[in-house]
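In the UniProt record's numbering, the protein residues as written are 1 to 217.
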C-alpha cells in the first residue's frame, strides 16, 4: 500500500493540526522534533511535508501530494475551493476591515485598502458596490493606515490583540476563516479507502476540540 502524501501548512496551522493528527492515530514524533526537516515519514501510512500555505494547492494541483491541510483564506484567495472535503474546528478566525479611529467608512471618495488578500478584498467591496484601490502588502498590514499608505486594511483577526496594540479598530466583519482538509480529485479515486479512513479518524479526533464538518459535494 502506497503512502498518502499530506501537505501541511507550516506555522500556526501545523501547531494546531498536529495534535489532531496524533489523536487520529498518526505518528507525528518527527514533526514534534523536526529541527530543520520538512518531510516526515515516521508513520508507514503517511508522508507529511511542511509547506507555506499558498504552496499547498500547488503541490495538490499537480499531484505531488494527495491531501492538503490549509486555511480557507488561501482557498478563497486562490478561488480553488473545489477540493475541500472536511472543515476542522481549529484555526477559526475572521477577515475584518480595520483602521484608525478617524476613518470614515461612509466617506464618498475612493478609498485605498491595504491587504495580503487582494482577491477577497476586491470581492467584498464589489459585493457592497464600492470601488476601491487595493494595495497588496506582504508584511505587517497594520502599518498601512498608521503611516498614511492606506485608509484601511483587510486582514485576518483571531483575538484582535494586534489591532488593539496598534490602536486600530474593526469597522466591518467579513467572512470567517477556518482550516480545511482538501483532496486531489484523482487521488480520491485512486486512494479512496485510505482517504475515507483518514477523514473518519480526523472527524472523530476533532470532536475533542470542536466540531468538524464533512463537506458534501
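In this text, a Cβ means the ideal position worked out from N, Cα and C, and glycines have one as well.
Residue nearest to residue 136 within the set 35, 100, 122 and 186 is 122 (criterion: CA-CA distance).
Comparing C-alpha distances from residue 200 to each of 181, 187, 30 and 114 shows the shortest one belongs to 181. Taking a C-beta distance under 8 angstroms as the contact criterion, residue 45 and residue 173 do not qualify as a contact pair.
Looking at the backbone, the Cα of residue 203 and that of residue 88 are separated by about 8 angstroms.
The bridge partners DSSP lists for residue 46 are 4. Taking a contact as a CB-CB distance under 8 angstroms, the pair residue 186 and residue 63 counts as one, their CB atoms being some 7 angstroms apart. With 16 or more neighbouring CB atoms inside 10 Å of its own CB, residue 111 falls in the buried class.
A residue is called buried when at least 16 other Cβ atoms come within 10 angstroms of its Cβ; residue 72 meets this threshold and is buried.
The shortest CA-to-CA distance from residue 57 to any of 43, 77 and 41 is the one to 77. Inclusion of residue 120 and residue 134 in the CB contact set at 8 angstroms is not warranted, their separation being larger than that value. The three-state reading of DSSP puts residue 144 in helix, counting H, G and I together. The criterion of a C-beta distance shorter than 8 angstroms is not satisfied by residue 154 and residue 191.
For a cut-off of 8 angstroms, the C-beta gap from residue 98 to residue 171 is around 6 angstroms, short enough to register as a contact. Taking 8 angstroms as the cut-off, the Cβ atoms of residue 162 and residue 16 do not count as close. When DSSP states are grouped into helix, strand and coil, residue 21 belongs to the helix group. No Cβ-Cβ contact shorter than 8 angstroms links residue 115 with residue 90.
Remark: C-beta atoms of residue 100 and residue 143 do not approach each other more closely than 8 angstroms. The continuous beta strand (DSSP E) containing residue 113 extends over residues 112-115. Look at residue 150 here: in three-state DSSP terms it is coil, with no helix or strand label. DSSP links residue 155 through a beta bridge to 96. If you look at residue 169, you'll find it isn't in any alpha helix (DSSP H); it sits in the beta strand (DSSP E) that goes 169-183.
Between the alpha carbons of residue 8 and residue 48 lies a distance of about 7 angstroms.
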